[in-house]
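Peer 1:
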Amino acid sequence: MYLARPGQSLVEHLEMCALHMGRLLECLGLKRVGEVCGWLHDFGKWAEAFAGYLNKVMSGDGSAVRGSVDHSTAGGQLIWRLLEERRDKRDGMRFFSQMIAQCVMSHHHGGLIDSWDDEKRSDVIKRLHKPECECHLEDARQAMGAAYEERLFDLLFSGDFEREVEAFHAKMQGLFGVPSSALEFQYGMVARMLLSALLDADYTSASGNVPGISVLPDWTGMLAKLEERLASFSRESELNRMRGEIADCCRASADAPLGKFSLTAPTGAGKTLSSLLFALTHAAKHGLDRIIYVIPYTSIIDQNYEEVRAILSDYAQCVLAHHANVVPEKGAGRGADAEWSADEKGWYERSILTWDVPIIFTTSVQFLNSCFKSGSQHVRRMHALKNSVLIFDEAQAIPLSSRYLFEGALDFLTGVCRCSTVCCTATLPQDVRSGYLSSRQEGAPPVAILPNAPRYAEAFLRLRQLKVEDFLDGGRTMDLDSLAELLRERAAEFGSVLMIANTKRCAKLLYQRCKELMGGAGTLCHLSTSLCAAHRRFLIENRIGKEAVRKAAKDGRPVVCISTQLVEAGVDIDFAVVVRSMCGLDSLVQSAGRCNRDARLDGGRLILVEPSGEVESLVNLDELVTAREAGESVYACWKDDANESSLLSSIWLAGYYRKFFQHSKVACKMNFPVSLNYAGSSDLVHLLSSNRQNRGKDAEGLALHQSFSMAGREYKAIADETTGVLVPYAEGQEVIRQMMALGKPSVWGEDQWKRWKELLKESQPFTVSLHNNLFSSLLTAGEICRINEEVDVYCALPNKYDSELGLLDAVGEVTGALMC
């Protein structure tokens, strides 16, 4: 009997993978393609060379080297040869014979191998010509035997496979053109989806789990819980009536066919629950598998997750929050490795690997990584995006360099994967697309869930009665003392002031100066991502939350909060005055949403300032500078217009976006530019589509020419990636102590592993993300350290976390106060 691994026969493994892949890809119309991939991916394990290697492993022979026998090339070569005649006659077969071969040959590489690299070499062609002595194709075919070969031939040549391929190809041509760069890009996305399904099938089978028949979540039951919660909200005030109307529109729009949607509604309109109402109703109507919330900021993921989980209390394990925070998603020690053994995987670990949960809250980074970044953990999650509703909260915050790739991904999900997407924001930018990836889908703009969105925006502005002031005359900038005095004066006059700075340094300096100036009078609060989520949540709920601010006003105590942009999205706070460092108009709209939010005051004030360069340096923040320049230009035009319409209205916002996206620095960035070794510069949009710059002379019938592996290595959703560090705030101190007390994972038993998993989950709220260059500096200085030497989990020393400023980011900077 031939084995796939110790304890599992090869036939059992291949059959299970074929079955699982077929089920995963059926909703795309690629069931047979999935079954063929599953059957072929480990074809080389029939060879005697692999059997000999496995015998050495099972006998404890130390000479057995993992990866020494190539067992993935044979399957790729076999499908390429078997479909040679059909490939010459059928255009669809050209794409699929390569995609299946490339997928099979890539499933141990953390992503698709390159069709061409930046030195005009083809890993695909090289593998297709790998000699028998290295790939063992003929040896494997003889060992497989006639019975199993007949089953494979029946899959390939019964007619179902070919009909499926050609029907899918006709659909792709109808959606994306013939031929076109858009078609090539989208076929590249299909190839990655095949690999994602293969990785999930392979890992599922290897872990001993038998894939069951998919059962739809109880969307109707969850919807009833949400409707019960929505019914409890009062609709007495005009503001609340409009919030109810927006929810009603979401409910009604959910009957529409699958596709692209937009929900543009004012800040404070209740978009989180209204979009959930749409998603639950839509998922129930169309029989979808899951709802995925994609949120740009980790600071609001946990908040929204907890709110939804509380409403759906009877379905607690149907909701998952996933963002890389404590454990880096890379293999460097067993505790940090995504691939824990089967008996060590609890519900949480399985869920973050596969996203096999009905409702998921995750970040824009995790979503984009699943579509474009190398790494098995990223690729594997991609298949979970199909047959879903994806809600992109604060869609305007998608990283600029990923903008064209993001639009291409939406085309793929809605056109190919039986998905609906909802771009949800108060300031949805115009549809900005790469002409290079333009497709026939462009003719159908997203369906507006709220068709009369400008009316609601104007009504919210009217009720909040915001007055705009500025201290910008003649290019005026303000030093630290002037800014602090402005905040103190306005707090004394109006009761509560929120200052939003562009940088953490500015927020920190201004907080320290205000602390000296105010001398303990009233409430003074600092918010930035230097504070862990639990710390921020405590301050928002107890110091600057709506009830806390209203109580302070009754008691005659001023409240001043100095924050970074983290309060601009998803934070439900309400101040009489908002002071904002000059920025883009989209950010101004978000900031204004924290001013007289519930229209309880006679009016609110939005004050624009420009801190001096010593207080707020924007060096190396090119995107922010560009947005500010566009914002200043529109603001000047608005002032010249005698303020006849609100600065925050949709008219001026549209003008802002035109200026911003037409800026030369923006236009050249949205296709994700990269540098190549020999071909100069290019971008990921080209590398993942036609890739003409890197093509060699002899394509040997290749239909796809992408530099998949190179693009995956180059892709970073955010330019400066981060590492999470545990901090000793409140219960975080005890979590760190218990983690350290567990000792080394290499000697743990089942109980220790179980406790480790619990502690990882408990540690999430007590984590601060550091940019990797700062992380390295603090680690070298000994001011952060590993929890233990066998895991990539880190903690800060007690004197590095300040009770007011959070994690201190300068080497040598410490606080005298320990957390309790």
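Take any residue in the sequence shown, count from 1 to its spot, add 103: that is its number in the working numbering. Glycine residues also receive a C-beta, built at the ideal position from the N, C-alpha and C atoms.
Over what stretch of residues does the beta strand (DSSP E) that includes threonine 729 continue unbroken?
Peer 2: Within the sequence shown, numbered from 1, the residue matching residue 729 stands at position 626. Counting along the chain, threonine 729 falls outside any beta strand (DSSP E), though it belongs to the alpha helix (DSSP H) covering 725-743.
Peer 1: Taking buried to mean at least 16 other C-beta atoms within 10 Å of its own C-beta, is isoleucine 506 buried or exposed?
Peer 2: Residue 506 sits at position 403 when you count from the first residue of the sequence shown. According to the sequence shown, residue 506 is arginine rather than isoleucine. Buried, by the Cβ-count rule.
Peer 1: For the alpha helix (DSSP H) containing cysteine 609, name the first residue and the last one.
Peer 2: The residue labelled residue 609 in the question sits at position 506 within the sequence shown. Unbroken alpha helix (DSSP H) run through cysteine 609: 607-621.
Peer 1: Nearest-angstrom Cα distance between asparagine 472 and glycine 311?
Peer 2: Translated into the one-based positions of the sequence shown, residue 472 becomes position 369. Translated into the one-based positions of the sequence shown, residue 311 becomes position 208. When rounded, the distance between both Cα atoms is 27 angstroms.
Peer 1: Determine whether the Cβ of threonine 528 lies closer than 7 angstroms to any Cβ atom of chain C.
Peer 2: Chain labels in this structure do not include chain C; a single protein chain is all it has.
Peer 1: Using CA coordinates, which residue listed in Ala150, Asn158, Gly291 is at the minimum distance from glutamate 235?
Peer 2: In the sequence shown, counting from the first residue as 1, residue 235 sits at position 132. Nearest of Ala150, Asn158, Gly291 to glutamate 235, Cα basis: Ala150.
Peer 1: Consult DSSP for phenylalanine 495 and reduce its assignment to one of helix, strand or coil.
Peer 2: Reading the sequence shown from its first residue, position 392 is the one you call residue 495. Phenylalanine 495: strand per DSSP, three-state reduction.
Peer 1: In whole angstroms, what is the alpha-carbon distance linking phenylalanine 722 and leucine 589?
Peer 2: Your numbering for residue 722 matches position 619 in the sequence shown. Your numbering for residue 589 matches position 486 in the sequence shown. Reading the sequence as shown, one finds valine at residue 722 and not phenylalanine. Cα to Cα, valine 722 sits roughly 25 angstroms from leucine 589.
Peer 1: Which residues share a DSSP beta bridge with aspartate 905?
Peer 2: For the purposes of this step, residue 905 is identified with residue 802 of the sequence shown, where counting begins at 1. In the DSSP output, where bridge partners are listed per residue, aspartate 905 has Gly909.
Peer 1: Please state whether DSSP places cysteine 771 in a helix, a strand or coil.
Peer 2: One-based indexing of the sequence shown puts residue 771 at position 668. Of the three classes helix, strand and coil, the one that applies to cysteine 771 here is coil, per DSSP.
Peer 1: On the DSSP letters alone, give me the boundaries of the alpha helix (DSSP H) that methionine 924 sits inside.
Peer 2: Since the first residue of the chain shown is 104 and the last is 923, residue 924 is not available in this structure.
Peer 1: Can you give me the start and stop residues for the beta strand (DSSP E) that glutamate 572 sits inside?
Peer 2: Sequence index remark: in the sequence shown, residue 572 carries index 469 (1-based). Its beta strand (DSSP E) spans residues 569-573.
Peer 1: Enumerate in chain order the residues of its own chain whose CB-to-CB distance from isoleucine 821 is below 7 angstroms, with the five nearest sequence positions on each side excluded.
Peer 2: The count along the sequence shown starts at 1 and reaches residue 821 at position 718. So the qualifying residues of the chain are Val468, Pro502.
Peer 1: Here's the rule: buried if 16 or more other CB atoms are within 10 angstroms of the residue's CB, otherwise exposed. What is leucine 911?
Peer 2: On the sequence shown, position 808 is the one that residue 911 refers to. Buried is the call here.
Peer 1: Three or more beta-carbon pairs under 8 angstroms between the stretch 699-710 and the stretch 675-690, yes or no?
Peer 2: Yes, the stretch 699-710 touches the stretch 675-690.
Peer 1: Thinking C-alpha only, which one of Glu187, Ala243, Asp351, Pro399 is nearest alanine 382?
Peer 2: Along the sequence shown, one-based indexing puts residue 382 at 279. Cα-wise, what sits closest to alanine 382 is Asp351.
Peer 1: Taking threonine 457 and aspartate 303 to be in contact with their CB atoms under 8 angstroms, please state how far apart those CB atoms are, rounded to whole angstroms.
Peer 2: What you label residue 457 is simply residue 354 of the sequence shown in a count that begins at 1. What you label residue 303 is simply residue 200 of the sequence shown in a count that begins at 1. Confirmed, about 6 angstroms.
Peer 1: Return the CA-CA distance between leucine 301 and valine 139, expressed in angstroms with no decimal places.
Peer 2: Within the sequence shown, the letter at position 198 stands for residue 301. Within the sequence shown, the letter at position 36 stands for residue 139. Distance between the alpha carbons of leucine 301 and valine 139: 11 angstroms.
Peer 1: Buried or exposed, going by whether 16 or more other CB atoms sit within 10 Å of the CB of serine 690?
Peer 2: Locating residue 690 in the sequence shown gives position 587, counting from the first residue. Serine 690 comes out buried.
Peer 1: Can you list, in chain order, the residues of its chain with a C-beta nearer than 8 angstroms to that of valine 838? Leave out the 5 residues immediately preceding and following it.
Peer 2: Within the sequence shown, residue 838 is the residue found at index 735, counting from 1. Apart from sequence neighbours up to five positions away, the residues of its chain that approach valine 838 with a beta-carbon distance below 8 angstroms are Leu829, Leu862, Glu865, Ser866, Phe869, ordered along the chain.
Peer 1: Within 10 Å of its beta-carbon, does asparagine 645 have 16 or more other beta-carbons around it, so buried, or fewer, so exposed?
Peer 2: On the sequence shown, residue 645 is found 542 positions in, with the first residue counted as 1. By the neighbour-count rule (16 or more Cβ atoms within 10 Å), asparagine 645 is not buried but exposed.
Peer 1: Below 6 angstroms CB to CB, which residues in the same chain sit around serine 377 once its five sequence neighbours on both sides are set aside?
Peer 2: Residue 377 sits at position 274 when you count from the first residue of the sequence shown. The residues are Ile349, Ala350, Cys353.
Peer 1: With respect to the beta strand (DSSP E) encompassing alanine 424, which residues constitute its N-terminal and C-terminal limits?
Peer 2: Counting from one through the sequence shown, the residue named residue 424 turns up at place 321. Segment 422-425, the beta strand (DSSP E) holding alanine 424.
Peer 1: Grouping DSSP H, G and I as helix and E and B as strand, with all else coil, what is proline 831?
Peer 2: Walking along the sequence shown from the start, residue 831 turns up at place 728. Residue state for proline 831 is assigned as coil, using DSSP reduced to three classes.
Peer 1: Give the C-beta separation of threonine 826 and asparagine 875 to the nearest angstrom, bearing in mind that I take them to be a contact with Cβ-Cβ under 8 angstroms.
Peer 2: Locating residue 826 in the sequence shown gives position 723, where the first residue counts as 1. Locating residue 875 in the sequence shown gives position 772, where the first residue counts as 1. Contact holds; Cβ gap of about 6 angstroms.
Peer 1: Helix, strand or coil: how does DSSP classify phenylalanine 678 here?
Peer 2: Sequence index remark: in the sequence shown, residue 678 carries index 575 (1-based). Here phenylalanine 678 sits in strand by DSSP.
Peer 1: Please classify glutamate 188 as buried or exposed, where buried requires at least 16 other C-beta atoms within 10 Å of its C-beta.
Peer 2: Reading the sequence shown from its first residue, position 85 is the one you call residue 188. Looking at its Cβ environment, which holds fewer than 16 other Cβ atoms inside 10 Å, glutamate 188 is exposed.
Peer 1: Quick check: the Cα distance between serine 752 and alanine 913, rounded to an integer number of angstroms?
Peer 2: Against the sequence shown, residue 752 aligns to sequence position 649. Against the sequence shown, residue 913 aligns to sequence position 810. When rounded, the distance between both Cα atoms is 41 angstroms.
Peer 1: From histidine 925 to valine 207, what does the alpha carbon distance come to, in whole angstroms?
Peer 2: This structure cannot settle anything about residue 925, because the visible part of the chain is limited to 104 through 923.
Peer 1: For lysine 772, which residues from the same chain have a beta carbon less than 6 angstroms from its beta carbon, with the 5 sequence-adjacent residues on both sides left out?
Peer 2: As a working mapping, residue 772 is identified with position 669 in the sequence shown. Answer for lysine 772: Leu503, Ser504, listed in chain order.
Peer 1: With 16 as the cutoff for other CB atoms within 10 Å, does valine 850 come out buried or exposed?
Peer 2: Your numbering for residue 850 matches position 747 in the sequence shown. So valine 850 ends up on the exposed side.
Peer 1: Starting from the Cα of proline 320, find the closest Cα among Lys274, Leu756, Leu575, Val422 and give me that residue.
Peer 2: Stepping through the sequence shown from its first residue, residue 320 is reached at position 217. Ranking Lys274, Leu756, Leu575, Val422 by Cα distance to proline 320 puts Val422 first.
Peer 1: When you compare the CB positions of isoleucine 394 and alanine 386, do they come within less than 7 angstroms of one another, or not?
Peer 2: In the sequence shown, residue 394 corresponds to position 291, counting from 1. In the sequence shown, residue 386 corresponds to position 283, counting from 1. For isoleucine 394 and alanine 386, yes; Cβs fall inside 7 angstroms.
Peer 1: The beta strand (DSSP E) with arginine 108 in it runs from where to where?
Peer 2: Residue 108 sits at position 5 when you count from the first residue of the sequence shown. Element bounds for arginine 108: 106-108.
Peer 1: Does DSSP classify isoleucine 647 as helix, strand or coil?
Peer 2: Mapped onto the sequence shown, residue 647 falls at position 544. Three-state DSSP puts isoleucine 647 in coil, outside helix and strand.
Peer 1: Rounded to whole angstroms, what is the Cα-Cα separation between leucine 366 and methionine 345?
Peer 2: The residue labelled residue 366 in the question sits at position 263 within the sequence shown. The residue labelled residue 345 in the question sits at position 242 within the sequence shown. Cα to Cα, leucine 366 sits roughly 14 angstroms from methionine 345.
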